[in-house]
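Protein chains in written order, with the working numbering: chain A, 0 to 192; chain B, 0 to 192. Structure record follows, encoded as structure tokens.
There are 2 protein chains.
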Amino acid sequence: MVSAALELARAGGPDAVVLREVARSVGVVPNAAYRHFADREELLAAVCAEAMRELATRMAANVRRVRGRYGEPEAARRRLRAIGRAYVEFSRAEPGLFLTAFALPHRHAYDAGDGEPGADRLPLDQLREVLDELVEAGVLDGRRRPGIEYPIWSTVHGLAVLTGQGPLRDLTDAARSRIAELTGAFIEDALSR
Amino acid sequence: MVSAALELARAGGPDAVVLREVARSVGVVPNAAYRHFADREELLAAVCAEAMRELATRMAANVRRVRGRYGEPEAARRRLRAIGRAYVEFSRAEPGLFLTAFALPHRHAYDAGDGEPGADRLPLDQLREVLDELVEAGVLDGRRRPGIEYPIWSTVHGLAVLTGQGPLRDLTDAARSRIAELTGAFIEDALSR
DNA sequence: TGGTGTTTGTGGACACTGTCCACTTGGGTA
DNA sequence: TACCCAAGTGGACAGTGTCCACAAACACCA
Chain A
0 MVSAALELAR AGGPDAVVLR EVARSVGVVP NAAYRHFADR EELLAAVCAE AMRELATRMA
60 ANVRRVRGRY GEPEAARRRL RAIGRAYVEF SRAEPGLFLT AFALPHRHAY DAGDGEPGAD
120 RLPLDQLREV LDELVEAGVL DGRRRPGIEY PIWSTVHGLA VLTGQGPLRD LTDAARSRIA
180 ELTGAFIEDA LSR
Chain B
0 MVSAALELAR AGGPDAVVLR EVARSVGVVP NAAYRHFADR EELLAAVCAE AMRELATRMA
60 ANVRRVRGRY GEPEAARRRL RAIGRAYVEF SRAEPGLFLT AFALPHRHAY DAGDGEPGAD
120 RLPLDQLREV LDELVEAGVL DGRRRPGIEY PIWSTVHGLA VLTGQGPLRD LTDAARSRIA
180 ELTGAFIEDA LSR
């Protein structure tokens, strides 16, 4: 049921996950859904968690693809960029899922994926990890580290929203990638101020 | 009709502007709305434009409140902060309107408010104006000026979304204003790199 | 002044949604 | 074997966006 709903969300965002249709698509009567979810919002919450998990997976995969030892300055910088790039590309490649992932501000921790062995860390945790590495590598002054994940998250999230679903989404590929490049440089400027 | 719909959006975001209720609240039968709007989305588009206009108004008002001559470095910096602060505060004070303002990626230019004399410029234009002043004032290197509005917009927009409706919206006031402060400093760091 | 045409609003209908209630069913356990 | 509970069914209700045919009110021009 959740995976059927996920496909609806992928195609049309959170509003597209309509209870009756997901029931229909698993070949069951609408009311059957109420045996598993209190209401539509609870179903949507499950989908939202799944979407967030997919974002985390893509980020982790993109980071792993970066070669270079831990603590090596250039590699650490590339890992930060890999995180941001994955985030922004996710919002464009899967606008429906991206929207869905942030559709429910409440219960956002997606249940931490606690025990699940293969699960990747939360996006924010992945960002923190790379920032710690940047300190370790001497790229970022340790005194500026506390809390710096929030401005960076804001910048990347804003870019993702504006170019993925927002007013900048209809720009040409060239214009968008120039903006993305500028934003990447902007973050590095702020870090190595 | 638009202003009735605007109140619904203010209270509950774009999803709350339901055609039948706005008709009801202006004391008319639902179908009457179809004499003025092709469908619900067109009504929503009008509301969206109005919400964007309100954001622009607040930004402009906040900027005007800053004293200091044009081109004076410290004043220019304060004007940039005033813009960002207005943006972020709008998303918290009027989450419904903020969401609505960006609900329709299409037809986003809100018809420019062309002739209207009292109308304030679009948010993005206001930002550009202040950035030009920062160059004029010698705070920002003119060679770094082109396109820098986009990283800044991204940062501010991201902060507004994350703390206004997103996962950071339930933080304490103290935590949120610390993040806002960090983000302001982050932007200034990047500018005066 | 009177007639005509356009604008605005009405009434009724349809398909679709989320949700509630009472009811059946089937597999596993005491 | 008897029972119980989870899962699914059928029918219903209120609410929604939207379409159609019709009524009134108003402006305009002969």
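Even for Gly, the Cβ is constructed at its ideal location relative to N, Cα and C.
DSSP three-state call for residue i: helix, strand or coil?
i: A/I82; result: helix
i: A/F101; result: coil
i: B/T171; result: coil
i: A/R143; result: helix
i: A/P166; result: coil
i: B/S191; result: coil
i: B/D119; result: coil
i: A/V138; result: coil
i: A/G12; result: coil
i: A/E73; result: helix
i: B/E93; result: coil
i: B/G183; result: helix
i: A/A111; result: Legend: pLDDT at A/A111 = 45, less than 50; position of this residue unreliable, value from coordinates given subsequently. In this structure, A/A111 counts as helix in the three-state DSSP scheme.
Among the options, which one has its Cα closest to the Cα of residue i?
i: B/S176; options: B/A44, B/R76, B/R192, B/G83; result: B/G83
i: A/P13; options: A/A45, A/A31, A/V28, A/R34; result: A/A45
i: B/R91; options: B/A74, B/A4, B/D172; result: B/D172
i: A/A75; options: A/V28, A/E88, A/E132; result: A/E132
i: A/R66; options: A/H156, A/G157, A/L54, A/R80; result: A/R80
i: B/A31; options: B/E41, B/E40, B/R19; result: B/R19
i: A/L170; options: B/V129, B/R120, B/T162, B/Y149; result: B/Y149
i: A/G183; options: B/G163, B/A179, B/T182, B/I147; result: B/I147
i: B/P166; options: A/A60, A/S191, A/R77, A/W152; result: A/W152
i: A/E135; options: A/P29, A/E71, A/D188; result: A/E71
i: B/E180; options: B/S191, B/R192, B/Q164, B/T154; result: B/T154
i: A/L126; options: A/A100, A/S191, A/L54; result: A/L54
i: A/R168; options: A/V16, A/V62, A/E88; result: A/E88
i: B/E40; options: B/V17, B/R143, B/R192; result: B/V17
i: A/V25; options: A/A10, A/D38, A/A4; result: A/A4
i: B/R192; options: B/A174, B/G141, B/L7, B/L161; result: B/G141
i: B/L123; options: B/H156, B/G137, B/L98; result: B/H156
i: B/A85; options: B/F101, B/D119, B/V62; result: B/V62
i: B/V160; options: B/M58, B/R23, B/L96, B/R52; result: B/L96
i: B/G163; options: A/P29, A/R23, A/F101, A/V1; result: A/F101
i: A/V1; options: A/A60, A/A48, A/I186; result: A/A48
i: A/A59; options: A/A118, A/L43, A/A50; result: A/A118
i: A/D188; options: A/V138, A/P145, A/A174; result: A/V138
i: A/M51; options: A/R34, A/L98, A/L130, A/V129; result: A/L98
Taking the alpha helix (DSSP H) that residue i falls in, what are its first and last residues?
i: B/Q125; result: 122–135
i: A/E20; result: 18–24
For the ligand GDP, is there any heavy atom lying closer than 7 Å to the beta carbon of residue i?
i: B/G95; result: This structure lacks the ligand GDP; in fact it carries no ligand of any kind.
**OP:** Please go through the region 26–70 of chain A and give each complete alpha helix (DSSP H) segment of 4 or more residues, from N-terminal end onward.
**Re:** 39–63
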